[in-house]
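Reminder that position 108 of the sequence shown reads as 108 in full-length UniProt numbering, one-by-one numbering, no gaps.
Ideal Cβ placement from N, Cα and C applies to all residues, glycine included.
Because the structure is a prediction, the values reported are computed rather than measured.
Working notes for the structure below.
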Amino acid sequence: MGSHGGEDAKKKAMWLYPKVLGFNPSERWGHSACYSHGVVYVFGGCCGGLDFSDVLMLNLDTMVWNTLATTGQGPGPRDSHSAVLVGRQMIVFGGTTGSKKVNDLHILDLGTKEWINPECKGTPPPPRESHTATLIGDDRIMVFGGSGEGEANYLNDLHVLDLKSMRWTSPEVKGNIPAPRDSHSAVQIGNKLFVYGGDRGDRYHGDVDLAVQGSSPGVRAGHASVNIGTKLYVIGGVGEKHYYIDVWVLDVSSCSWTQLDVSGQQPQGRFSHTAVVTDSDIVIYGGCREDERPLNQLLVLQPGAEHPNGRHNISMCKIFGQHWNQEKRRFLPGAEDISTMFPGNNEIVRKGPYESEESKQPFQFSSDTLHHKKIRTTNSKVWEIDLEQEEHSLSFSQHSSSSQSDQEQIPVKKSVDSLTSCKGLDFFRHINKIPRNYQADDAASNQKQLRTVVRKTRHSLQI
Numbered sequence: 001m002g003s004h005g006g007e008d009a010k011k012k013a014m015w016l017y018p019k020v021l022g023f024n025p026s027e028r029w030g031h032s033a034c035y036s037h038g039v040v041y042v043f044g045g046c047c048g049g050l051d052f053s054d055v056l057m058l059n060l061d062t063m064v065w066n067t068l069a070t071t072g073q074g075p076g077p078r079d080s081h082s083a084v085l086v087g088r089q090m091i092v093f094g095g096t097t098g099s100k101k102v103n104d105l106h107i108l109d110l111g112t113k114e115w116i117n118p119e120c121k122g123t124p125p126p127p128r129e130s131h132t133a134t135l136i137g138d139d140r141i142m143v144f145g146g147s148g149e150g151e152a153n154y155l156n157d158l159h160v161l162d163l164k165s166m167r168w169t170s171p172e173v174k175g176n177i178p179a180p181r182d183s184h185s186a187v188q189i190g191n192k193l194f195v196y197g198g199d200r201g202d203r204y205h206g207d208v209d210l211a212v213q214g215s216s217p218g219v220r221a222g223h224a225s226v227n228i229g230t231k232l233y234v235i236g237g238v239g240e241k242h243y244y245i246d247v248w249v250l251d252v253s254s255c256s257w258t259q260l261d262v263s264g265q266q267p268q269g270r271f272s273h274t275a276v277v278t279d280s281d282i283v284i285y286g287g288c289r290e291d292e293r294p295l296n297q298l299l300v301l302q303p304g305a306e307h308p309n310g311r312h313n314i315s316m317c318k319i320f321g322q323h324w325n326q327e328k329r330r331f332l333p334g335a336e337d338i339s340t341m342f343p344g345n346n347e348i349v350r351k352g353p354y355e356s357e358e359s360k361q362p363f364q365f366s367s368d369t370l371h372h373k374k375i376r377t378t379n380s381k382v383w384e385i386d387l388e389q390e391e392h393s394l395s396f397s398q399h400s401s402s403s404q405s406d407q408e409q410i411p412v413k414k415s416v417d418s419l420t421s422c423k424g425l426d427f428f429r430h431i432n433k434i435p436r437n438y439q440a441d442d443a444a445s446n447q448k449q450l451r452t453v454v455r456k457t458r459h460s461l462q463i
């Protein structure tokens with residue numbers, strides 16, 4: 001009995017709110033994040049109409065925030081770009097400077113702390129924001145979708161950067177190509193690239209290109225997606241009228257969706273945040289909350305048995321910094337005095353010999369601080385790219401299952417086409433197809449769109 005209870009505890013996922021040391025970073029959304037050698041790196045983002053060009057670093061051993069002092073010509077302030085970690089190099093592409101969308105590429109060497117501006121061959125993708133860029137294998141970056149120059153210019157084009165030759169190509173694609181979108185996510189699992197969700201002005205998406213069992217997360221955009229083994233995690237995001245912090249898991253090996261039961265104090269809903277997989281946990285940072293105010297909150301999701309290194313109370317000293325006492329494990333989420341243990345937005349711990357404190361004025365709310373992309377809405381699937389197709393010839397296909405969450409929450413006119421069989425085509429395949437066609441009453445007032453940043457998969461490669 002005792003052993004069985006212990007196994008159940010190991011399987012339980014948990015939300016943690018670590019106290020952090022050092023200075024208090026500015027709230028932000030539309031930033032990017034990577035994890036390397038025990039450190040989370042955050043680049044760029046936006047708050048109150050101001051774009052950032054700083055590189056933040058959070059040491060997970062000490063839980064201390066610092067700003068990385070870099071050399072060389074960096075990308076400049078931007079948000080809604082993509083960042084991919086390749087070995088010890090962070091490759092940043094595209095985004096918006098606030099006044100224009102760009103398609104430049106910059107590399108930050110995390111070892112030397114130097115920005116590099118490589119000369120790329122071929123034709124680069126047109127300028128875009130809120131796209132995805134994913135490392136494929138150890139030598140290619142695949143850019144998909146986003147929003148281009150001009151109003152309502154949503155994209156579904158595919159571009160590949162060969163990291164050995166630094167040449168851009170646009171492979172020919174076949175089959176049922178995913179609809180244009182931005183604010184989606186794209187994650188590699190095995191030899192497939194899974195594209196989930198997104199937004200295209202008049203609707204959200206909730207598609208995953210596979211035939212799957214069980215209810216799905218439903219339509220959403222601005223979520224964060226990561227993979228652990230053969231499982232795709234979808235965290236948070238926004239639907240038509242709902243802001244989420246739920247965690248859904250797509251097991252690619254069994255083609256089934258499940259909603260992860262997470263204990264601890266429930267965080268507030270958010271979108272345009274980032275999530276990275278560390279050695280034992282998933283670290284979530286920033287984004288916009290339900291009132292569209294930006295956040296600088298750090299969350300840790302312990303997936304428990306879902307993570308190959310996961311345990312119920314793993315690495316408490318690491319998660320909470322050196323001031324965390326292992327004997328105080330009883331004060332995990334669920335304790336009566338939870339407010340004193342978990343700081344809210346803008347709070348830091350003012351203890352420790354290595355801390356450099358910086359005072360910060362409370363966040364001042366005004367209409368200028370709102371996320372400047374208005375919310376619109378939707379449909380529900382996941383697309384899958386077969387990465388073993390010929391390099392210049394890729395093909396798409398589609399599948400689906402029911403979406404419980406948004407069947408309950410979208411009170412607009414729509415028609416639902418729910419596909420329940422797998423058509424077995426190549427390249428991009430379509431999970432959970434629930435197109436939602438409707439006329440929004442306030443469509444004329446919706447001028448801009450939700451942004452999100454790419455979620456990265458990490459591999460080792462020296463360029």
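Residues bridged to residue i [DSSP beta-bridge criterion]
i	result
Ile-91	Val-84 and Ile-107
Gly-44	Its beta-bridge partners do not exist; DSSP assigns none.
Glu-114	Thr-71 and Asp-109
Asp-51	Cys-46
His-159	Val-143
Arg-289	Arg-270
Pro-294	Cys-288
Glu-78	A small correction: the amino acid at residue 78 is Arg; Glu does not occupy that position in the sequence shown. Arg-78 pairs with Phe-52.
Asp-182	Asp-199
Gln-213	Ser-256
Met-132	Strictly speaking, residue 132 in this sequence is Thr, with Met absent from that position. The partner list for Thr-132 (beta bridge, DSSP) reads Phe-144.
Lys-101	Thr-96
Ser-36	Val-39
Leu-58	Val-40 and Trp-65
Val-300	Leu-16 and Val-283
Assigned secondary structure, residue i (DSSP; H/G/I helix, E/B strand, else coil)
i	result
Gly-198	strand
Ser-175	A quick correction: the sequence has Gly, not Ser, at residue 175. Correct three-state label for Gly-175: strand.
Gly-237	strand
Gly-190	coil
Leu-16	strand
Gly-122	strand
Asn-137	Note that residue 137 is Gly in the sequence shown, not Asn. Three-state result, Gly-137: coil.
Gly-229	coil
Lys-328	Legend: pLDDT at Lys-328 = 36, less than 50; position of this residue unreliable, value from coordinates given subsequently. In this structure, Lys-328 counts as helix in the three-state DSSP scheme.
Gly-148	coil
Gly-22	strand
Glu-355	With a pLDDT of 33 at Glu-355, under the threshold of 50, the predicted position of this residue should be treated as unreliable, and no value is reported.
Val-219	coil
Unbroken beta strand (DSSP E) run spanning residue i, endpoints
i	result
Leu-387	Leu-387 -> no beta strand (DSSP E), and no H or E assigned at all.
residue 464	It is not possible to answer for residue 464, since the shown part of the chain is limited to 1 through 463.
Trp-168	167 to 169
Below-9 Å beta-carbon distance, residue i vs any chain C residue
i	result
Gly-287	In the structure shown, chain C does not exist; there is a single protein chain.
Are there three or more Cβ pairs, one per stretch, closer than 8 Å when the region 89 to 103 is compared with the region 276 to 296? Touching, no.
So, does the region 156 to 165 touch the region 183 to 195, judging by three or more C-beta pairs under 8 Å? Taking 8 Å as the limit for Cβ pairs, the verdict is that the region 183 to 195 does not touch the region 156 to 165.
The region 107 to 114 / the region 138 to 149 touching (three or more Cβ pairs under 8 Å): Judged by Cβ distances under 8 Å, the region 107 to 114 makes no contact with the region 138 to 149, as fewer than three pairs qualify.
Are three or more beta carbon pairs between the region 71 to 86 and the region 37 to 49 nearer than 8 Å? Segments in contact, yes.
Taking one C-beta from the region 248 to 255 and one from the region 283 to 297 each time, how about it: are there three or more such pairs within less than 8 Å? Counting Cβ pairs under 8 Å, fewer than three are found: no touch.
Is it a yes or a no for the region 14 to 25 touching the region 294 to 302, going by three-plus beta-carbon pairs under 8 Å? With a cut-off of 8 Å, the region 294 to 302 and the region 14 to 25 count as touching, because enough Cβ pairs lie within range.
Report yes or no: do the region 25 to 36 and the region 266 to 275 share at least 3 C-beta pairs separated by less than 8 Å? At 8 Å Cβ cutoff, the stretches touch.
If you pair each beta-carbon of the region 119 to 131 with each one of the region 50 to 57, do three or more pairs fall below 8 Å? Contact fails: fewer than three Cβ-Cβ distances are below 8 Å.
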